[in-house]
Every structure is written in structure tokens, then in C-alpha cells.
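Written below as C-alpha cells is the structure these notes are about.
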Amino acid sequence: MIGTLLIVSGPSGSGKTTLCRRAEAAGLTSYSISCTTRQPRPGEQDGVDYHFLSPESFAEKVKSGEFLEHATVHGNSYGTLKADIVKLLLAGKNVVMDIDVQGAASIRACTDEIISKAYADVYIHVPAAELEARLRGRQTDAEDVIQLRLHNAAMEDARQGEYQFALVSADKESDYARFTALLSTLSMRTCLH
Ligand code: 5GP
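The opening position of the sequence shown corresponds to residue -7 in our numbering, with each subsequent residue numbered one higher.
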């Protein structure tokens, strides 16, 4: 039996990374560590939060076909290494991937047998006023970055209909309870056998 590949998208500030990390810490899933060309934020570690790559070494991996998908988000490159994911799924592990709407669309279209069998996706939706309050509250980004993220959030929200599931964010505990319920239901799919 293979694991579930759950793609989790939603705007910055939706809490999707926290949900994925908490499920990982609880032993329910493995987290897929993406590669990115953006600079680490304070406290972020290479190989834990992301594989932080130079634009040149990112381009090298694109060229050698190592990415399951890659996309430019907020002006930086992000991508997921295919071999890592397939290995985990074949070992029966659930994998959650915190990626944007473009990345989700390319994995949805992927013809790899294991990836398409394991695939499921959920969009974390946050009402606009609440999202702005959260982005300002975390005080990690400059005003122009916040504005860009709010603009991108509206564009991402417009594509939530492409997802199988939508989780309307409320408080942290309720979001996590619904997220783990989803993971548990998905692991009962007959296509994983
Ligand atoms: P941040 O820089 O705030 O960590 O992430 C910015 C955006 O990039 C988020 O929407 C996140 O979901 C997305 N992202 C992170 N890793 C990947 C990836 O491997 N592929 C794609 N397409 N998007 C990613």
C-alpha cells in the first residue's frame, strides 16, 4: 500500500506550513522540503525549512529534470525534488507538500502512476480581512512584500475551485482537527492498495 500525497495550498498567512509541520511532528506525515532561491528568513535553516539554493544550482536541477514541479512565486524560484517524494510514497508514508497554485496544477497534471494514484489536494481559505491582520501580525515582511502577498492571495483564491477540498481557516485547533481528519479519510482510499 502506498502513502497519500496531500498537496496543501493557500495564501501566505493561511497557516498551511504550520498545519503540515504539526502533522509531521505528530508522526502522521512526512514533510517535503522544497528547494528555493529566496533568502532564508530569521530562524530558518537550510535542509530543514528549505534547501536554499543559488539561482545557478536551481537552474542546474531544472535542466537535469530533478524537479517534480517548479514555479516562480513572489519573484523567487521554488521546486520539489521528485525522487524524494516517490521514495516516501512507495515506503507507504504520507507526504504533505506546501506549494502554490501553479505547483499544484502541474502535479495534478503529472502522468507518473505513483504520483497520480497518491494525489489529493486541499486549499486553505482565509477571509481577506483576517488574512491581512495575520500578515501584519507576524512582522516578518516589509510593507511592499505584504501588499504583494495580499494581491497574490486574491489571485490564488480565484483558483480554489481547482482543488478537491477547501478548508476555511478558523482557529488553529479547529484547522488542525479538520486537517488530520482529512488525512485519515484519504488514507482509506482503495486506489492506494
Ligand atoms: P515562503 O517563501 O513564504 O516560504 O513561500 C512562498 C510560497 O511558495 C508559498 O505559497 C509556498 O506554498 C510556495 N512554495 C513553497 N515550496 C514550493 C515548491 O516546492 N513549489 C511551488 N510551486 N511552490 C512552493
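Glycine included, C-beta positions come from ideal geometry on N, C-alpha and C.
On a predicted model such as this, the values are computed, not experimentally measured, just so you know.
With a cut-off of 7 Å, the C-beta of Ile91 is classified as near the ligand 5GP, since at least one heavy atom of the ligand falls inside that distance.
Residue range 135 to 149 is occupied by the alpha helix (DSSP H) that includes Asn144.
Distance from the CA atom of Ile25 to the CA atom of Phe171, rounded to whole angstroms, is 19 Å. The Cβ atoms of Ile116 and Ile107 lie no closer than 8 Å to each other.
Here Val87 is near Gly(-5), since their CB atoms are less than 8 Å apart.
In this structure, the ligand 5GP has no non-hydrogen atom nearer than 7 Å to the beta-carbon of Ala120. DSSP places Thr64 in the uninterrupted beta strand (DSSP E) bounded by 59 to 65. For the options Ala134, Val160, Ile138, Thr132, the alpha carbon positioned closest to that of Glu124 is the one of Ile138. The alpha carbon of Leu(-2) has as its nearest neighbour, out of Val118, Asp136, Ala120, Lys109, the alpha carbon of Lys109. Spatial neighbours of His185 in its own chain (CB-CB distance under 8 Å, excluding positions within 5 residues in sequence) are listed in chain order as Met(-7).
Beta bridge pairing from DSSP links Cys27 with His43, Gly71. Here the region 161 to 176 makes contact with the region 14 to 22; the two share three or more CB pairs at distances below 8 Å. Assignment of Ala158 by DSSP, reduced to helix, strand and coil, places it in the strand class. If you check the C-beta of Glu61 against the ligand 5GP, you find a heavy atom less than 7 Å away. Looking at the DSSP output, Leu(-3) bridges to Val87, Tyr111.
For Gly129, the distance from the CB to the nearest heavy atom of the ligand 5GP is not below 7 Å. Within the DSSP secondary-structure output, Ser22 pairs in a beta bridge with Val87.
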